Amino acid sequence: MSVAAIPKEFLMLYVNEFSGLCDTIGNEDVMNSVALIGTQLTSYKNCLIAIDLPRHPAFVSCILSILETKNCFVCCSTADALNGYHSVKVSCIISTVSGEIEQQPMKIHSLNIYFHHDGYYSLDTFGQDKLCYLITTSGTLGSRKEILVPHSCIMPNIWDFSRRFQITTFDTILFATSCSFDPFVVEIFLAVMNGAKLLIVPDMFRSTPYKLADAIMKYGATFIQMTPSHLKILPESALVRIFSGQSSVRTMILGGEAFPMDFIQRYYTDNKCINLYNVYGVTEVSCWASCYKIDLKEERAQIGEPLMSTKFDISKTGELLIGGSRRCYVNGKLSGAWLSTGDIVECTELGRIYWCGRTDDQQKINAINVSLSELARKVEKNTSIKSALALRRGHAILLFIRTDNNINLQSYLYTKFSIPGILMIVVEIEDWPITDNGKVDRRKLMQIFEQRNLVFTMGDLRKLFAKFEINLELHQQMLFKNLGLNSLHAAEIAIKTEHLLKHHDFPVFQYLLSDTGTVAEFIAALDFHQNVQRKCTIHGKKIVIKPVENSTKALLEWEFNLGRCIDSTPVLDNGSIFLGSHSGRLISLSSDGILKWEVQLGDRIEATACSKGNTVAVGCYDGYVYFFHNDSGHLIWKFGTGDAVKSTPVLVNEGHECLLGSYDKFLYFLDVLNHKMIWKVMCNGSILSSPSLIRDIVICATLRGELLAVKMESGNMLWKLQLAAPVFANLIVLKMDRVLVVDVKGVITMFNIMNGFKMHERDLKECVFASPILFSDNSDSASSVSVVIVMSQSSSIFILRTENLKLLQHVHIDGVGSFVRAPDLLVNEGLLFIQDSSGTLLAMQGLSSMLKVCDDQLLNPKIVSILKVNEETFGGVKVVKVSEENCNSERKYYALIGSRNDRLRCFCFSLQ
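Residue numbers (full-length UniProt numbering): 1 to 912.
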């Protein structure tokens, strides 16, 4: 795709995540940005460029520039790009986080982006200038695949849709599809090629239906593409407006799941204002393969005719096959002439093709054939049921339903839809859990079922048996068959207790129906001691939480302008605040924001200062580390290294000595009192994380992934080893001569300090830049837990046991920015304060009570949104408690936050 062919009418509308206001990025701004980005990409030809950016106009301009320079793009996390793909290598990463090599950010449509050049890996083995993008899938067709999509595969889709939907410069196309789901390419390319407006909404709008609906209505979207599951979670008022012709929407295409005919018929009125289409496709023939204009008078939706350059065939077993000239590279190999889709279809005598379900949708349960999708379709005929989905679990069917007005339909469903000989369990849900791709998250549905229905205690088992008139105490020695247990009862007991089995190959269903199965022996086969651990495992440790707004508004107490961006964390010591900025100014303020002293250094300051005794130390881009009297700001000494000092110095011996790492690849030990260097040790790589001191041993990690230990007294090397990735985060020192290291790819490893022996390791599979922290509730309770808390760039919090790195909980906070700085922990309060990159301050409450549980079960945390600074914030936060509980059970706190608009601000807020 060449930008020269882009109509001058093309522009972007960007809805601000917080204000809801819309910015317009005109064609000239887009073209200038594409050209500017291209200056960083001209050395690449036919290479894979990774984009790790939020949904933003800069994201679109990067795609256009990559294609203009005849390269191929992939949208992924930095961790995925660094880990690499099986079939190709990434040559360059575009992200919002600066890397090892110092560089100024490039500002694209008000977003700062950085280019990480990682080599030159040509894709010429796949042909010259023919690849458009790479996308991965683990969905419809089984295991994860890497799909390299040539221009010749995606462009016929775009040309066909442009003609079919008559896209013009008057259209506004919604860009809301997840960038892990290939239909997002269709939204961008349709707008770009036809000179339409591209309406860009933030990622969090997908999980906030009312905001998405509001943007559609407010900014005049005329073309919408989404999955049926995403449509179903839109507010009722929005659905009424859309399907009654009271909105700007004139074309809606739905794909990725069965077309929701019954659902739409509830809202649709006979008007000519909106055209509905069912689209069908698989990622392996990116993106859509067929299209059909819906007639709601028909009972079923056809999948429609094949798109341009696409052909259909049907196997003898009824499976749909896709052929034609649109062929992609799957895991590095060109796909075959005909692709098996895994979808069962029905073709009528008139040539109409209807989707019937997946090949794995037809289940044989207790020798009875069942179509799960057909069961759900029949259930949805009931007007009180908004939507339904059926899943198999063991010998049972789980029927998930979403109803109107919380009507209890359990009895009706069991009477109307139960299949003789098969257990059916109805699970009512408030809202469908949705994956990033906009489809129903079946794994989360299973978790919902497990949380509500599985047995974890003897009390739970007693209640379950009482349902079948079995008394645990009175019927211990009785046979189940003599207690009237039938196959449906046995299926329900099995499905709700199998996770407790001591031996997982124990045939519980058969045992319950056997001639020898007794209540006592069945109980003996269960292990209730492990129930908490199993509960944690079964439920999955990842939970997604949306922050709740704090009950009281934060108030700005004072602010101080440092002249340039602030990327470090304020340091508070003995009532003084120390902070530096890109202006090179280091300041000391009183707690009420009054300037005590200020000094001007030779270049910008990104490092957080360190204060100990009477000394405050800070590193500078001019290659020096500076030492000042913390009361007066008088210069004690400055020591020059060979490159920028970005890590926080470590003051020891009451500030008389200092350990520091520099970008010149040396680790230094300085005598501050006598103004001399004691030793320096050359490392493999520049140093960004601060060194750690354990008794008389110094541990240091580098941006080339080297981890080394030296004797503090002599500087002699004890041991060194090579990690798989760079280390940005500070190290964590544990008891018993252990140290924790987290590399940028999210691999956390525990080493023995004395010999470098690896003791434990866990891959978090998310990028980590922020330093981890330790927490223990400091109680004498046997149930207390000591944990390490790790924050990821992807807005996740990982809580792991310190002794073995066992993952206790993975919390993903929805709708916030990246976590690039360490959180601030108030131990006695059990409060964790997190500053994200977008300026939002969050609080995780109840850490102490979370950890006071047996085994490995943690309570779900409460995340509170305290305040929002409407600027990028790459520094950390410092929070101070200033009062005890008042009559409203509230405590008062101050938060110090520096941001990229040059200001340090102090906010006052309360928490219950």
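We put the beta carbon where it would ideally sit given N, CA and C, even for glycine.
Predicted model only: the values in this text are computed from it and were never measured.
As a beta-bridge residue in DSSP terms, K364 pairs with N369. The beta carbon of K211 lies closer than 7 Å to those of F205 in the same chain, with the five residues before and after it left out. In the DSSP assignment, the residues bridged to R585 are Q600. C47 is classed as buried because its beta carbon has at least 16 other beta carbons within 10 Å across all chains shown. The three-state reading of DSSP puts G38 in helix, counting H, G and I together.
N46 is bridged by DSSP to nothing; it lacks a bridge partner. The beta carbon of Y663 is closer than 6 Å to those of D643, A644, S686 in its chain, skipping five residues each way along the sequence. Residues of the same chain with a CB within less than 8 Å of the CB of S61, apart from the 5 flanking positions on each side, are V30, S33, V34, I37, I108, H109 in chain order. The residues K745, G746, K765, E766, C767, in chain order, have a CB closer than 7 Å to that of A79 in the same chain once the five nearest residues on each side in sequence are set aside. Rounded to the nearest angstrom, the gap between the Cα atoms of Y277 and I353 is 15 Å. Taken in chain order, the complete beta strand (DSSP E) segments of 3 residues or longer contained in the stretch 411-470 are 423-428.
About 17 Å separates the Cβ atoms of I422 and I401, ruling out a contact at the 8 Å cut-off.
Residue pairing for N27: DSSP places it in no beta bridge. In the DSSP assignment, no residue is bridged to D567. For the 7 Å CB-CB criterion, S77 and Y120 do not form a contact.
Within the model, the alpha-carbon separation for I773 versus N804 is close to 16 Å. Contact between the stretch 583-593 and the stretch 540-549 is not established, with fewer than three Cβ pairs separated by less than 8 Å. DSSP, read as helix, strand or coil, puts Q809 in strand. Pairwise C-beta distances place the stretch 163-182 out of contact with the stretch 324-344, as fewer than three of them are shorter than 8 Å. Rounded to whole angstroms, the separation of the alpha carbons of F874 and D902 is 12 Å. If the five residues before and after S178 are omitted, its C-beta is found closer than 6 Å to the C-beta atoms of D436, N437, all from its own chain and listed in chain order. Within a 10 Å sphere around the beta-carbon of K878 sit 16 or more other beta-carbons, which makes this residue buried. Partner residues in the beta bridge of C75, as assigned by DSSP, are I51. G655 is positioned such that its CB atom lies closer than 7 Å to that of T615. Between K70 and M193, the alpha-carbon positions lie close to 17 Å from each other. Distance between S690 and V650, taken at the CA atoms: about 7 Å. The distance from the Cβ of C287 to that of G304 is about 15 Å, inconsistent with a contact at the 8 Å cut-off. Following the DSSP letters along the chain, one finds A617 in no alpha helix (DSSP H) but inside the beta strand (DSSP E) bounded by residues 615-619. According to DSSP, residue pairing for N275 in a beta bridge involves T251. Assignment of beta-bridge partners to I93 by DSSP yields A50, H116. Residues of the same chain with a CB within less than 8 Å of the CB of L723, apart from the 5 flanking positions on each side, are A701, G705, E706, L707, V741, D743, V747, T749 in chain order. Boundaries of the alpha helix (DSSP H) around H489: 487-497. If you check the CB distance, C620 and I636 do not come in under 7 Å. In this structure, A490 is the residue among G839, A238, A490, R900 with its C-alpha nearest to the C-alpha of Y511. Rounded to whole angstroms, the separation of the alpha carbons of T169 and I6 is 11 Å. The beta carbons of C610 and T648 sit about 5 Å from each other, so the pair counts as a contact at 8 Å.
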